[in-house]
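Participant: Residue numbers (my numbering), protein chains in the order written: chain A, 1 to 498; chain B, 1 to 498.
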């Protein structure tokens, strides 16, 4: 398994980026900077943070930036927060770090994101956090109920509109603080990381740089990764414990076998202590699938989630003999916690966030996540665009536009590389590249214990050889040291921080 | 008057770019690559061209690329034309020259544009011409009557949607000709030139370069030029003939004086042989104003229009003595031709094109054209945003968004420079710049007799000194000669052609 140690071109390593909502027979990749369902676990990432420096504001935002119909002029209140405690001021052209919200409320982002708080003071930066339209309190049409009602109201929820929102607010903030020349660095994670990278591409006159963390920018129909989401899930489990991997791998047939018995579903229901009777073996399989995906996606310290699940699955309890499904259930308990019963739909509740994200996945963020042959921990079931589209149509009544993202944002020549910080030569080489494009894409940012950091770097120029690299490097470095010292400092600062 | 011979930063020289439609008390700048009203004059620019190599196509275009409401899925037939006669083919990665239509029908563009035909064969290029939505045959909602009806249907007519149309069609053409790697150069004039430059900024993954001719990219509220449209009109007339300039300058008061007499309006009507009675002196003044603006905007050979007007105004006919208004009228006849009567509304007919462009000017293309103090050939009447907005509101029922264009497309550091081709050093310096940005902006492209060509060049890097220029130049040239020879050839080709 030498894969992650080699350079892979045009392949996105989406380990820590998505979990999934079932949609008819397809799954919808849901992105997120932290697990929405399991975040209250004792070792979850949610921290209690001091928000006394934050001031909340509301911006009168245009509903539709790209048409001029009478309805497009409707406005809504978009929430954003500013921390100006450490800002160096307009005279010093002190920088602005702007967090671009993703499919969460601003409140949960503020609790989860330490990056701006950690780096802001050192850079004398103004910190701005903006909530994404249709999430949290930022609801067009007056209420979540109205906004999320149907395709006519949800239609204005998409990436291009969200980016235009951010552009309007950032220009407004610059005006408010009378600071024309403060460089803005936009920052986001997961879907928010995609937004940050795209913002830099579409609004280079507003953002001087972008930091995109765990952003699966190339997981689309026109850029299907050869090794996808469930390949990574398989790989991580297999590397954690071959025995655990085999137990899970064999469990699917066992579940179907039990379900096929007379009264089989209620046996399964009892085995997994489900809160409600099962409608079919799919319910429990989908639940387990999500457990494993969550464990890998948010596999962070102090107790790594995959290790937790596998330790429980592999354990030999003193008083009784485990059968295969006992072991699987022990894994569930290890991750979800000890409960009187288990809701197999716990990851797919129709919360506002889930409804809004399902819409986005059914309109433009169509990520072809399936179970391919190499995803050996799961029964093979490749992604099927036709059935995905049918599912979306029957759910929302509109047809996805799976090629729109690549038409509008393009397919850049992304490059994935795994580097160690000790490799100075590589560091220099890459620093020239990301300074040039000023889009830095990092995976595994929120995994402080991970010793190797995977970098995804946008670089058209990477193929043109060392000589051009060196010239570029000189040009860019000179240019920036002469004229954008602050930006260089920010980027070097962020770089060393990671 | 040393102005045009010096370098002017952040100032757009819009000589050949706009004429105006009256809107209540404000004027709407109408752009266009050739005069729509006077094009059938004997020395007009319309040529009879051989179109036998052109094939017409219709593309099933999405009404609204930026929302996913049920209505957004409506489609319309967008017309485009292809000339593949000289194309070098997919194997050779032969280039594609794409003309991005502006506020005209494709038919009139095809008649007016020689640039692609002239340069295509030499470059073995595929020639693509695309009609702009809401112009010519490219009408959403089934007919011009429906499409131009009101704000609810006109709302989808704007630059961002038009650019997305072009993106979809160009990707479709590439697929159709199975030519993934053919570089695309987008080309446009006037408003179409703005679209070409913006297309390169927003869709760099589709267009490798843009050629923007006479594109007033910085004539917006946030980037008001210090010397505007009527300054140029004044300057050109004054340089053509001081006497002519003075005659026109003094005529406005004379018109008002005559109009103030008993029966004054019918005296004026007789003097100017108007087809209909005048409602006020404004009618005739607005008509004359447009005559002078047209003369400067389309001041081309073989008989330059300004010279024609001024020769007539200055003439001393053998048989009678001219008074001031006789002279002014002689100028009208010289440009418009000998007619039994003159329609003072001839430049502002409610044609489909005019209705659509008025909408665009009232929604996002808000160009603050007024009569400032230095525009001495005209009575001073600076642009007034409030009355402009009021005019638009009462006409279309919607409020313009005058800051949207600069929010979405940004204010680049444009630079205007007037260079002679004999100045080789400057040529090299600038070639590095435009290769870098790959946006070449040219004014006066359609003026073959003009000995000095004004260049507007986008160049963030121009301020960073010769050394960086030289390094940049080396980098870019090396890179492109190694990997984009074709693009370099195209750009060098276009450059030498101008």
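Cβ coordinates follow ideal geometry from the N, Cα and C atoms, glycine included.
Just to make sure I have the definition right: I need the residues of chain B whose C-beta is within less than 8 Å of the C-beta of residue 399 (chain A). Which are they?
Facilitator: Under the 8 Å cutoff, chain B gives 73.
Participant: List the residues of chain B whose Cβ lies closer than 9 Å to the Cβ of residue 208 (chain A), in chain order.
Facilitator: Under the 9 Å cutoff, chain B gives no residues; its nearest Cβ is about 11 Å from residue 208 (chain A).
Participant: Which residues does DSSP list as the beta-bridge partners of residue 126 (chain B)?
Facilitator: Its beta-bridge partners are B:96.
Participant: If you run the structure through DSSP and keep just helix, strand and coil, what is residue 470 (chain B)?
Facilitator: With a pLDDT of only 45 at residue 470 (chain B), under 50, the local geometry of the prediction cannot be trusted, and no value is derived from it.
Participant: Using Cβ-Cβ distances below 9 Å, what residues of the region 62–95 of chain A are close to chain B?
Facilitator: Answer in chain order: 62, 64, 65, 66, 67, 68, 69, 70, 71, 72 and 73.
Participant: Let me check one thing: in DSSP terms, what residues is residue 59 (chain A) bridge-paired to?
Facilitator: Looking at the DSSP assignment, residue 59 (chain A) forms a beta bridge with A:78.
Participant: Give me whichever residues DSSP pairs with residue 107 (chain A) in a beta bridge.
Facilitator: Looking at the DSSP assignment, residue 107 (chain A) forms no beta bridge with any residue, so it has no partner.
Participant: Are the C-beta of residue 410 (chain B) and some C-beta of chain A separated by less than 8 Å?
Facilitator: It does; some Cβ of chain A falls within 8 Å.
Participant: How about residue 218 (chain B): is its C-beta nearer than 8 Å to some C-beta of chain A?
Facilitator: Judged by the 8 Å Cβ criterion, residue 218 (chain B) is not in contact with chain A.
Participant: Can you check which of these residues, B:296, B:235, B:154 and B:216, is closest to residue 308 (chain B) by C-alpha distance?
Facilitator: The shortest Cα separation from residue 308 (chain B) among B:296, B:235, B:154 and B:216 belongs to B:296.
Participant: Measuring CB to CB, does residue 185 (chain B) end up less than 8 Å from residue 208 (chain B)?
Facilitator: Yes, these two residues count as a Cβ contact at 8 Å.
Participant: Tell me, please, whether the CB atom of residue 290 (chain B) is closer than 8 Å to any CB atom in chain A?
Facilitator: Taking Cβ atoms only, chain A never reaches closer than 8 Å to residue 290 (chain B), which makes this a no.
Participant: Whose C-alpha, out of B:232, B:356, B:83 and B:235, is nearest the C-alpha of residue 146 (chain B)?
Facilitator: Closest option to residue 146 (chain B), Cα to Cα, is B:356.
Participant: Would you grab the beta carbon distance between residue 225 (chain A) and residue 217 (chain A) for me? Rounded to a whole angstrom, and I think it's under 8 Å.
Facilitator: Their Cβ separation, rounded to whole angstroms, is 11 Å, which puts residue 225 (chain A) and residue 217 (chain A) out of contact at 8 Å.
Participant: Report the three-state DSSP secondary structure of residue 147 (chain B) (helix, strand or coil).
Facilitator: The answer is helix: DSSP assigns residue 147 (chain B) an H, G or I state.
Participant: With 8 Å set as the bound, which would you pick, yes or no: does the beta-carbon of residue 168 (chain A) sit closer than that to a beta-carbon of chain B?
Facilitator: So yes, residue 168 (chain A) belongs to the interface.
Participant: Could you name the residues of the same chain whose beta carbon sits closer than 7 Å to that of residue 198 (chain B), not counting the 5 residues immediately before and after it, in chain order?
Facilitator: Around residue 198 (chain B): 159, 163 and 409.
Participant: Do you know how far the Cα of residue 246 (chain A) is from the Cα of residue 240 (chain A)?
Facilitator: Going from the Cα of residue 240 (chain A) to the Cα of residue 246 (chain A) covers about 11 Å.
Participant: Would you identify the three-state DSSP class for residue 381 (chain B), choosing helix, strand or coil?
Facilitator: Residue 381 (chain B): strand per DSSP, three-state reduction.
Participant: Taking 6 Å as the limit between beta carbons, can you name the residues of its chain near residue 299 (chain B), skipping five residues before and five after?
Facilitator: Hits under 6 Å: 305 and 306.
Participant: What residues in its chain sit with their C-beta under 7 Å from that of residue 37 (chain B), if we drop five residues either side in the sequence?
Facilitator: The answer, listed in chain order, is 346 and 347.
Participant: Given a cut-off of 8 Å, decide if residue 322 (chain A) and residue 362 (chain A) are closer than it, judged by their beta-carbon atoms.
Facilitator: No, they are not a contact pair.
Participant: Identify each residue in the region 376–401 of chain B for which the Cβ-Cβ distance to at least one residue of chain A is less than 8 Å, and report them in chain order.
Facilitator: Per Cβ criterion, the list reads 397, 398, 399 and 401.
Participant: Rounded C-beta distance between residue 70 (chain B) and residue 151 (chain A)? I'm assuming under 8 Å.
Facilitator: Confirmed, about 5 Å.
Participant: Could you check the C-alpha separation between residue 282 (chain B) and residue 369 (chain B) for me, to the nearest Å?
Facilitator: Rounded to the nearest angstrom, the two C-alpha atoms are 18 Å apart.
Participant: Identify whether residue 371 (chain A) lies in helix, strand or coil by the three-state DSSP scheme.
Facilitator: The answer is strand: DSSP assigns residue 371 (chain A) an E or B state.
Participant: Just to confirm before moving on: does the CB-CB distance between residue 344 (chain A) and residue 284 (chain A) stay below 8 Å?
Facilitator: Contact flag set, yes.
Participant: Secondary structure at residue 206 (chain A), three-state DSSP: helix, strand or coil?
Facilitator: Coil, per DSSP.
Participant: Does DSSP put residue 298 (chain B) in a helix, a strand or coil?
Facilitator: Of the three classes helix, strand and coil, the one that applies to residue 298 (chain B) here is coil, per DSSP.
Participant: Going by the CB atoms, is the gap between residue 354 (chain A) and residue 104 (chain A) shorter than 8 Å?
Facilitator: No; because the gap between Cβ atoms is not below 8 Å, this pair is not in contact.
Participant: In the DSSP assignment, find the unbroken alpha helix (DSSP H) run with residue 361 (chain A) in it and report its ends.
Facilitator: Counting along the chain, the alpha helix (DSSP H) containing residue 361 (chain A) begins and ends at 352–363.
Participant: For residue 166 (chain A), report the span of its alpha helix (DSSP H) as first-last.
Facilitator: Where residue 166 (chain A) is concerned, the enclosing alpha helix (DSSP H) stretches over 159–176.
Participant: With H, G and I counted as helix, E and B as strand and the rest as coil, what does DSSP make of residue 135 (chain B)?
Facilitator: The answer is strand: DSSP assigns residue 135 (chain B) an E or B state.
Participant: Report the option in B:378, B:372 and B:366 whose CA atom is closest to the CA atom of residue 389 (chain B).
Facilitator: Measuring from the Cα of residue 389 (chain B), the nearest candidate turns out to be B:366.
Participant: If you draw a straight line from the C-alpha of residue 350 (chain A) to the C-alpha of residue 84 (chain B), how long is it?
Facilitator: Going by the C-alpha atoms only, they are around 53 Å apart.
Participant: Buried or exposed: which applies to residue 243 (chain A), given that a residue is buried once 16 or more other Cβ atoms fall within 10 Å of its Cβ?
Facilitator: Result: exposed.
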